[in-house]
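Since the structure comes first, as structure tokens, the remarks are kept for the end.
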Amino acid sequence: MLVKKNVFLCCSYRLVMGWLRFSETGRNFDCISRPCTAHHIPVYVEEVEDIVSVAQYILVVEKESVFQRLANDQFCNTNHCIVITGRGYPDVSTRRFLRLLIDILCLPAYCLVDCDPYGFDILCIYRFGSMQMAYDAKYLRVPEIQWLGAFPLDSEKYCLPKQCLLPLTSEDKRKTEAMLLRCYLQKEVPRWRLELEVMLQRGVKFEVEALSVHALSFLSTEYIPSKIRAHLEILSGDCSFAMKSGA
-4 MLVKKNVFLC
6 CSYRLVMGWL
16 RFSETGRNFD
26 CISRPCTAHH
36 IPVYVEEVED
46 IVSVAQYILV
56 VEKESVFQRL
66 ANDQFCNTNH
76 CIVITGRGYP
86 DVSTRRFLRL
96 LIDILCLPAY
106 CLVDCDPYGF
116 DILCIYRFGS
126 MQMAYDAKYL
136 RVPEIQWLGA
146 FPLDSEKYCL
156 PKQCLLPLTS
166 EDKRKTEAML
176 LRCYLQKEVP
186 RWRLELEVML
196 QRGVKFEVEA
206 LSVHALSFLS
216 TEYIPSKIRA
226 HLEILSGDCS
236 FAMKSGA
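Under the working numbering, the residue at position 57 of the sequence shown is numbered 52, and the numbers go up by one with no gaps.
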């Protein structure tokens, strides 16, 4: 349980959909019956109980527009997962809810954010927490979360037209340079830090939605499934190596 109910809870609604069922103060939330219908994440997550799921993973998306795109594409019908959005920078309820789901369901979690300094900062808040809430880090941090995208070189890999790429502003560059100074990036997620360096060197940014420039459902049918498959293959390779090493 959190040390206290935080008084700085955001009033904007955070959303969840997918293969999940839970209750909160006597109310039942049955997402499973309609996996692609959005439900509000409860404000006081400490009162959430009776969590049931047949999902294979949790997907966190930065923006409501991407969440809505996945809902329209019936993403959760074809992919047994739970999708969450904090609608930008996540509030305490969103982060606590995600932490609770992972603790109870033992599912892998992935995060999809814009390829810009603010998207990266949001990703870091999910994984490392925030200084303002350091006293509740145990209940809010998600060190297991994996960065699914978007990555700087995705613009070349998926042949994004130039009009989809925006130059980093001076403020973007200052923010990126400041984040590169965070010592825990090099220590805990060096690959993430390298991606941030690539973004700064290339001097451009783009939104997740830009990946759908060639096909409206590209995120749902190609990008997200392929990224998750690639991650699972890496995990499978690591496990095989560990088993051989221990033999």
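Cβ atoms here follow ideal geometry from the backbone N, Cα and C, with glycine treated the same way.
- Apart from the 5 residues on each side of it in sequence, Trp14 sits with its Cβ closer than 8 Å to the Cβ of Cys26, Ile27, Pro30, Ser48, Val49, Ala50, Cys71, His75, Cys76 and Ile77 in its chain, given in chain order.
- When the beta-carbon positions are compared, Val137 and Leu107 stay at least 8 Å from each other.
- Here Ser207 carries a helix assignment [DSSP, helix/strand/coil].
- Contact check between the segment 177 to 193 and the segment 216 to 228: fewer than three CB pairs, one atom from each, fall below 8 Å, which does not count as touching.
- Remark: C-beta atoms of Leu189 and Tyr105 do not approach each other more closely than 8 Å.
- Note on the segment 16 to 48: there is no whole alpha helix (DSSP H) run with a minimum of 4 residues.
- For the options Gly21, Val43, Glu42 and Ser60, the alpha carbon positioned closest to that of Ala33 is the one of Ser60.
- Taking the CA atoms as reference points, Asp68 sits about 30 Å from Tyr39.
- Between Ile117 and Tyr84, the C-beta spacing is below 8 Å.
- One Cα belongs to Pro147, the other to Arg22, and the distance between them is close to 43 Å.
- Residue state for Ile140 is assigned as coil, using DSSP reduced to three classes.
- Here Val11 is near Ile36, since their CB atoms are less than 8 Å apart.
- Between Leu143 and Thr171 a beta carbon distance of about 20 Å is seen, past the 8 Å cut, so the two are scored as non-contacting.
- Here DSSP, grouped into helix, strand and coil, assigns Phe213 to helix.
- Lys157 counts as exposed, since fewer than 16 other beta carbons sit within 10 angstroms of its beta carbon.
- Under the DSSP assignment, Ala104 falls outside any alpha helix (DSSP H), being part of the beta strand (DSSP E) whose first and last residues are Ala104 to Leu107.
- Following the DSSP letters along the chain, one finds Thr73 inside the alpha helix (DSSP H) bounded by residues Phe70 to Thr73.
- Taking C-alpha positions only, Ala210 is separated from Val193 by approximately 26 Å.
- Separation of Glu204 and Glu217 (C-alpha to C-alpha, rounded to the nearest whole angstrom) is 13 Å.
- When secondary structure is reduced to three states using DSSP, Val184 falls in the coil class, being assigned neither helix nor strand.
- Taking 8 Å as the upper bound for CB-CB distance, Arg177 and Thr80 are not in contact here, some 25 Å apart.
- In the structure shown, the three-state DSSP call for Pro112 is helix.
- Distances from the CA of Glu139 to each of Gly198, Asp98 and Cys110 were compared; the closest alpha carbon is that of Asp98.
- DSSP places Leu10 inside the beta strand (DSSP E), whose first and last residues are Leu10 to Gly13.
- Between Glu57 and Gly124 the beta-carbon gap is near 17 Å, outside 8 Å, which marks them as no contact.
- The three-state reading of DSSP puts Lys58 in coil, since its state is none of H, G, I, E or B.
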